[in-house]
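Asker: Residues in the sequence shown are numbered from 902 upward in steps of one, following the numbering used here.
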Amino acid sequence: NRGSVHVHESAYGLLGVSGFAPFNNENCPHGFLAATKDGMVIANFAPRMKLDAQWPRRKLGIKSVPIDCAYYPEAKLLALTVAAPGPRRDFLPEDGESEAQAAYSYALAGREVLHDGRMDSHEVRLVSPRTWKVVWTHQLLPGERSLCVTAVHLKDQTSDATIPLLAVGTSFAASEDYPCSGRVILIEVSKRDDVGWGGNLLFQREFKGPITNISSVEGYLLLSTGNRLETCILKSGAQDKWTLQRSAFHEGPSLITSLNVVKNFILVGDAQHSVEFLRYKDQGKQIMPLAKDFGQACVRACQFVIAGSSLHIAMADGEGNVRAFTYSPNDPKSWKGQKLDNWGALHVGKGISHMARVSMRYAADQAAAVSTGPPAP
């Protein structure tokens, strides 16, 4: 592309290729022939796939605004939360009694519509990555907004079984005069003989605050509401009734913007006070703080970086910087392990909204060359 060459790893598992030639006809568009040690292979590239960048990519029109996405490995499906204009729907009746100003704000928000008489509706979709067709949808309540979705493995404390689920965090904000709330929605994905894969609403619970991040740790549901980090226990009862009980909590500085988990280690990003490194202890149901960065930074995204047996931290702030940290409790500069060691920073110049951990594969000789450097002249 534009005089440059981009190398992509083969997705077909071709080993020992001794010959390669293009092969393009009506039955095999954009195809190729490859002579391998196992014989002749005829294959083609995915249609409308762009290969002129570092990563193969393809754009898809979903006719809505994507909010968040997650991969559900058990069914090999993508879970999307989207917002799209739809017919106006009345808000649910207000529960209980509230102040006059709050009740007026709730009623006013229920009558708010777009310029064409429609309103934004949020929904959860299950999409097949093979056909890119929507196999199941679940529409949220009127005025409810989806904030996050992720695949979790929760442990049923009654039967001691681990259940794969989709967890969705939502918020409901009528106005600044009405208290904001949120819901946790647990969706069970199962295969149906007549229509294929589909979803089932397993459990839902309302919280007094928006569910901004959601994950799982040691079989427990982990979520954040404002500056509060909580773990919840899932229990099954009679007649397929489920309960979600709070078990542990941790108060952050201001607002939790990012949440990541590796084993029982938790990484939390804050809107003003950088990152915090935590650990969940099942004995006693405690979230124990290990170390944090004492600097000031608005965290847009953070992620664990695993290098062999070492665990490090990467963080992107609102000023376009990417910073690297490590936890060194034996370092005298770490204040007895309370302070994260700042390894360095790189100014990207652009806003980073998400970080993903990707496994990189290196050959043994390349890894040795990287670690030792070139031989001395």
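Built from N, CA and C at the ideal position, the CB exists for glycine as well.
It should be emphasised that the depicted structure is a prediction, and the values quoted were computed from it without experimental measurement.
Given that a residue counts as buried once 16 or more other Cβ atoms are within 10 Å of its Cβ, and exposed if not, what is T1273?
Answerer: A caution first: T1273 carries a pLDDT of 38, below 50, which makes its placement in the model too unreliable to give a value.
Asker: V1069 and V1090 - do their beta-carbons sit closer together than 7 Å?
Answerer: In this structure, V1069 does not lie closer than 7 Å to V1090 by Cβ.
Asker: Between which two residues does the beta strand (DSSP E) harbouring C970 extend?
Answerer: That run of the beta strand (DSSP E) goes 966-973.
Asker: Spatial neighbours of H931 within its chain, please: CB distance less than 8 Å, with the 5 preceding and 5 following residues excluded, ordered by chain position.
Answerer: If we look at H931 and ignore the five residues flanking it on each side, its Cβ neighbours are N925, N945, F946, P948.
Asker: Under the rule that 16 or more other beta-carbon atoms within 10 Å means buried, what is A954, buried or exposed?
Answerer: Answer is exposed; the Cβ neighbour count stays below 16.
Asker: Considering only residues of the same chain and omitting the five flanking positions on each side of I1214, which have a CB-CB separation below 8 Å?
Answerer: L1168, V1176, F1178, C1203, Q1204, F1205, V1206, A1225, F1226, T1227, Y1228, L1241.
Asker: Output the distance between the C-alpha atoms of G1083 and K938, rounded to the nearest integer angstrom.
Answerer: If you take the alpha carbons of G1083 and K938, they lie about 57 Å apart.
Asker: Go through its chain and collect everything with a Cβ distance to I1064's Cβ below 8 Å, but skip five positions before and after it.
Answerer: Cβ neighbours of I1064 beyond the five flanking positions: H1054, L1055, K1056, D1057, E1089, L1135.
Asker: For a quick check, are the C-beta atoms of G1099 and W1037 less than 7 Å apart?
Answerer: Taking 7 Å as the Cβ cut-off, G1099 and W1037 qualify as a contacting pair.
Asker: Quick one, which of P923, A1052, P957 has its alpha-carbon nearest C970's?
Answerer: Looking at the Cα atoms, A1052 is the closest of the given residues.
Asker: In terms of alpha-carbon separation, which member of V942, L916, V906, P1043 lies closest to A922?
Answerer: Residue V942 is the option with its Cα nearest to A922.
Asker: Which residues in the same chain as S1125 place their Cβ atom closer than 7 Å to its Cβ, once the five residues preceding and following it in sequence are excluded?
Answerer: Here the set comprises T1113, N1114, I1157, L1160.
Asker: Which stretch, first to last residue, makes up the beta strand (DSSP E) that contains P923?
Answerer: 920-924 is the span of the beta strand (DSSP E), which, as asked, contains P923.
Asker: In this structure, how does DSSP classify S1211 when only helix, strand and coil are distinguished?
Answerer: Looking at S1211 - three-state DSSP - the assignment turns out to be strand.
Asker: For S1047, count the other beta carbons within 10 Å of its own beta carbon; 16 or more makes it buried, fewer makes it exposed. Which is it?
Answerer: Looking at its Cβ environment, which holds 16 or more other Cβ atoms inside 10 Å, S1047 is buried.
Asker: Nearest-angstrom Cα distance between R1258 and H1039?
Answerer: Rounded to whole angstroms, R1258 to H1039 spans 29 Å at the Cα level.
Asker: In chain order, what residues of the same chain lie with their CB nearer than 6 Å to the CB of A1172, ignoring the 5 residues before and after it?
Answerer: Correct list, in chain order: S1155, L1156, T1158, C1199.
Asker: Here's the rule I'm using: 16 or more other beta-carbon atoms within 10 Å means buried, otherwise exposed. How should I1086 be labelled?
Answerer: When all chains shown are included, I1086 counts as buried.
Asker: Mapping DSSP to helix, strand and coil, what is A1139?
Answerer: Three-state DSSP puts A1139 in a helix.
Asker: Excluding the five sequence neighbours on either side, which residues of its own chain have a C-beta within less than 6 Å of the C-beta of P1275, listed in chain order?
Answerer: Confidence at P1275 is low in this model, with a pLDDT of 42, below 50, so its placement is unreliable and the value that follows should be read with caution. Counting only Cβ-Cβ distances below 6 Å, and skipping sequence neighbours, we find nothing.
Asker: Under 7 Å between the Cβ atoms of D1194 and E1119?
Answerer: No, the pair does not count as a contact, with Cβ atoms beyond the cut-off.
Asker: Using a threshold of 7 Å, state whether the C-beta atoms of A935 and V908 are closer than that.
Answerer: Contact flag unset, no.
Asker: So, is A1217 buried or exposed, given that buried needs 16 or more other C-beta atoms within 10 angstroms?
Answerer: A1217 should be labelled buried.
Asker: The beta strand (DSSP E) spanning R1093 covers which residue range?
Answerer: Here the beta strand (DSSP E) through R1093 covers 1083-1093.
Asker: Enumerate in chain order the residues of its own chain whose CB-to-CB distance from I1253 is below 8 Å, with the five nearest sequence positions on each side excluded.
Answerer: The residues are R1201, A1202, A1217, G1221, V1223.
Asker: Starting from L1294, follow the beta strand (DSSP E) in both directions and report where the run begins and ends.
Answerer: One cannot answer for residue 1294 here, as it falls past the ends of the chain, which runs 902 to 1278.
Asker: For L952, which residues from the same chain have a beta carbon less than 7 Å from its beta carbon, with the 5 sequence-adjacent residues on both sides left out?
Answerer: Result list for L952: H907, H909, in chain order.
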